[in-house]
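Asker: I have a structure I would like to understand better, so I am pasting it below and will then ask my questions one at a time.
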Amino acid sequence: MNATLREGIDWVGYVDWTIRDFHGYTAERGTTYNAYLVRGKKTALIDTVKAPYGQHLLQNISALAPLQSVDYVVCNHAEPDHAGALPEIMAKMPNATLVCDQKCKDALSRHFDISDWKFEVINTGDTVSLGDRILHFIETPMVHWPESMFTYVPEEKLLFSMDAFGQHYASSQRFEDEFPLETVIQEAKSYYANILMPYGKQVAKVLQQMDAFNIEMIAPSHGLIWRSHVQEMFKAYRGWAAFRPKPKVLIIYDTMWGSTGEMARAILEGAALPGVEVQLIHIRSSNLTRIATELLDAATIAFGSSTLNAGMMPMAAAVLTYLKGLRPAGKAGLAFGSYGWGRGGPEAIDEYMKTMKWEILRNPLKAQYRPTAEILDECREAGKLLAVKAKDLAE
Ligand code: FEO
Numbered sequence: 048m049n050a051t052l053r054e055g056i057d058w059v060g061y062v063d064w065t066i067r068d069f070h071g072y073t074a075e076r077g078t079t080y081n082a083y084l085v086r087g088k089k090t091a092l093i094d095t096v097k098a099p100y101g102q103h104l105l106q107n108i109s110a111l112a113p114l115q116s117v118d119y120v121v122c123n124h125a126e127p128d129h130a131g132a133l134p135e136i137m138a139k140m141p142n143a144t145l146v147c148d149q150k151c152k153d154a155l156s157r158h159f160d161i162s163d164w165k166f167e168v169i170n171t172g173d174t175v176s177l178g179d180r181i182l183h184f185i186e187t188p189m190v191h192w193p194e195s196m197f198t199y200v201p202e203e204k205l206l207f208s209m210d211a212f213g214q215h216y217a218s219s220q221r222f223e224d225e226f227p228l229e230t231v232i233q234e235a236k237s238y239y240a241n242i243l244m245p246y247g248k249q250v251a252k253v254l255q256q257m258d259a260f261n262i263e264m265i266a267p268s269h270g271l272i273w274r275s276h277v278q279e280m281f282k283a284y285r286g287w288a289a290f291r292p293k294p295k296v297l298i299i300y301d302t303m304w305g306s307t308g309e310m311a312r313a314i315l316e317g318a319a320l321p322g323v324e325v326q327l328i329h330i331r332s333s334n335l336t337r338i339a340t341e342l343l344d345a346a347t348i349a350f351g352s353s354t355l356n357a358g359m360m361p362m363a364a365a366v367l368t369y370l371k372g373l374r375p376a377g378k379a380g381l382a383f384g385s386y387g388w389g390r391g392g393p394e395a396i397d398e399y400m401k402t403m404k405w406e407i408l409r410n411p412l413k414a415q416y417r418p419t420a421e422i423l424d425e426c427r428e429a430g431k432l433l434a435v436k437a438k439d440l441a442e
């Protein structure tokens, strides 16, 4: 399943077909841990794989070059899905020097016993020569860990971008143009939303830096390699990093006995204006990953929950806790939901939206036990308000 990116540059990673829960991320298509071997007068391995798959990586490398011929192991990112196999790799590559920045070395020292490893600590702009080609390093702090880094090969116009531009996408082919572009972009969007969303400012800065580089191919550390749609990927990332909204209304809710669900559908009816996309998501029929992905480019959000024990329902609280951590900016929304003898569900959601600094479009919409015809009309009006605001924000 190896693939050649350029002459002497090969993918040597591992395809994880069966994973679905990636530290909470619902990876519906599985994933890959991409590592790359660059062979020239000297040989470098770019990144490794998750610890259990170290043997696969070693086999893939051995099929191309003796392990003792590897001169450098570049660590672009210390997270265990890419650095987990380092102890096994370094033990089997006696002549290899580990190349990374100081923050990465510090992080690796807290994960592993690094006392026997040779290091070359680099900064942005430093290079390592492989003889006929160089590796040029660009630190990309908080995209999405402090030590995150890109490695660029100018002779090949090739960027090794670790998590950035990646997708959780297990496949037998390695390049994005071997799959429908919309599907790949959707998986890249999901990856961005769930991993990089809190770091939009840092991503935007890195995208600006990339303008100075001539890039024809992007080889991320998950999923497919970009070779035909690099500019489309950059354009999509620019939009996501800026939280550029679409005219899109998201209605997210949980319901106990259907009243909040009925309100959600009435909001949907009101929001269905021409030119506005509306999505209805029942929290317990969906998952955090999909909700965050849909939130990324939504302009306005109605978030609803029935009242349970003087608060919102637990999965609604889980969603809001997750979304708050992702720091979605520039949104407008409103809370809604039902209650019985005590209040608390919609009010708690309203408070959450305020802490996320979303523009609150109206006071919480509430129904006692069952929504009356008047309340359902009010929900339709609120839906229209959300749709009109979504159009405004998307202009
Ligand atoms: Fe794929 Fe941040 O590790």
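Taking this note's numbering as reference, the numbering of the sequence shown is continuous, increasing by one, and the terminal residue is 442.
Using N, Cα and C, we set each Cβ at its ideal position, and we do this for glycine too.
Pull up the DSSP beta-bridge partners for glycine 358, would you.
Answerer: Leu355
Asker: Report the partner residues of isoleucine 265 according to the DSSP bridge assignment.
Answerer: Leu206 and Trp273
Asker: Per DSSP, what are the beta-bridge partners of isoleucine 348 in this structure?
Answerer: Leu297 and Gly380
Asker: Taking 8 angstroms as the threshold, find out whether the segment 278-294 comes into contact with the segment 391-403 through three or more Cβ pairs.
Answerer: no
Asker: Whose CB is closer than 5 angstroms to a heavy atom of the ligand FEO? List the residues in chain order.
Answerer: After applying the 5 angstroms Cβ criterion, the set is Glu126, Asp128 and Asp210.
Asker: Could you tell me which residues DSSP pairs with tyrosine 246 in its beta bridges?
Answerer: DSSP output for tyrosine 246 lists no bridge partner at all.
Asker: Can you tell me where the beta strand (DSSP E) holding serine 176 begins and where it ends?
Answerer: First-last of the beta strand (DSSP E) with serine 176: 174-176.
Asker: How many whole angstroms separate the CB atoms of tyrosine 80 and serine 268, which I take to be in contact at a CB cut-off of 8 angstroms?
Answerer: 7 angstroms
Asker: Which class does valine 59 belong to by DSSP, given the choice of helix, strand or coil?
Answerer: Coil.
Asker: Cutting at 8 angstroms between CB atoms, please list the residues of its own chain near methionine 264, excluding the five before and the five after it.
Answerer: Leu52, Arg53, Glu203, Lys204, Leu205, Leu206, Ile272, Trp273, Arg274 and Val277
Asker: Are the C-beta of alanine 345 and some C-beta of chain C separated by less than 8 angstroms?
Answerer: Among the chains in the structure shown there is no chain C, since it carries only a single protein chain.
Asker: Is histidine 129 closer than 8 angstroms to methionine 244 when the C-beta atoms are compared?
Answerer: no
Asker: Residue ranges of each alpha helix (DSSP H) run of no fewer than 4 residues wholly in the segment 124-204, ordered along the chain?
Answerer: DSSP runs (the alpha helix (DSSP H)) wholly in the segment 124-204: 127-130, 133-139 and 149-158.
Asker: Taking its Cβ as the centre, do 16 or more other Cβ atoms sit within 10 Å of glutamine 40, making it buried, or is it exposed?
Answerer: In the structure as shown, the chain starts at 48 and stops at 442, and residue 40 therefore has no counterpart that could be examined.
Asker: Between the beta-carbon of isoleucine 93 and the beta-carbon of alanine 82, is there less than 8 angstroms?
Answerer: yes
Asker: In this structure, does DSSP put isoleucine 338 in helix, strand or coil?
Answerer: helix
Asker: Which residues bound the beta strand (DSSP E) around glutamate 223?
Answerer: No beta strand (DSSP E) holds glutamate 223; DSSP gives it neither H nor E.
Asker: Can at least three beta-carbon pairs, one atom from the segment 136-156 and one from the segment 108-128, be found at a separation below 8 angstroms?
Answerer: yes
Asker: Output the distance between the C-alpha atoms of serine 237 and threonine 171, rounded to the nearest integer angstrom.
Answerer: In a straight line, the C-alpha of serine 237 is about 29 angstroms away from that of threonine 171.
Asker: Do tyrosine 216 and glutamate 234 have their beta-carbon atoms positioned less than 8 angstroms apart in this structure?
Answerer: yes
Asker: Shortest alpha-carbon distance to leucine 104 belongs to which of Leu177, Ser353, Tyr239 and Val62?
Answerer: Val62
Asker: Can you list, in chain order, the residues of its chain with a C-beta nearer than 6 angstroms to that of glycine 77? Leave out the 5 residues immediately preceding and following it.
Answerer: So the list reads Asp63, Trp64, Ile66 and Ala217, once near-sequence residues are dropped.
Asker: Output the boundary residues of the beta strand (DSSP E) element that contains valine 325.
Answerer: 324-329
Asker: Using the DSSP secondary-structure output, state which residues sit across from isoleucine 407 in a beta bridge.
Answerer: Gly380
Asker: Within the continuous beta strand (DSSP E) that includes leucine 92, where are the two ends?
Answerer: 90-93
Asker: What do you reckon, are the CB atoms on alanine 154 and glycine 317 nearer than 8 angstroms?
Answerer: no
Asker: Between the alpha carbons of isoleucine 108 and aspartate 148, how many angstroms are there, rounded?
Answerer: 24 angstroms
Asker: From what residue to what residue does the alpha helix (DSSP H) around lysine 436 run?
Answerer: 420-441
Asker: So, using beta-carbon positions, are alanine 379 and tryptophan 405 closer together than 8 angstroms?
Answerer: yes
Asker: Taking C-alpha atoms, which residue in Phe69, Gly131 and Val59 lies nearest to arginine 221?
Answerer: Val59
Asker: Once you ignore the five residues that flank leucine 182 on each side, which residues in its own chain have a CB closer than 7 angstroms to its CB?
Answerer: Once the five neighbours on either side are set aside, the close Cβ partners of leucine 182 are Ala91, Val121, Thr174, Val175, Thr198 and Val200.
Asker: Count Cβ pairs between the segment 353-372 and the segment 383-395 that sit closer than 8 angstroms; are there 3 or more?
Answerer: yes
Asker: With DSSP as the reference, please indicate the residues paired to tyrosine 80 in a beta bridge.
Answerer: Answer is Tyr61, bridged to tyrosine 80.
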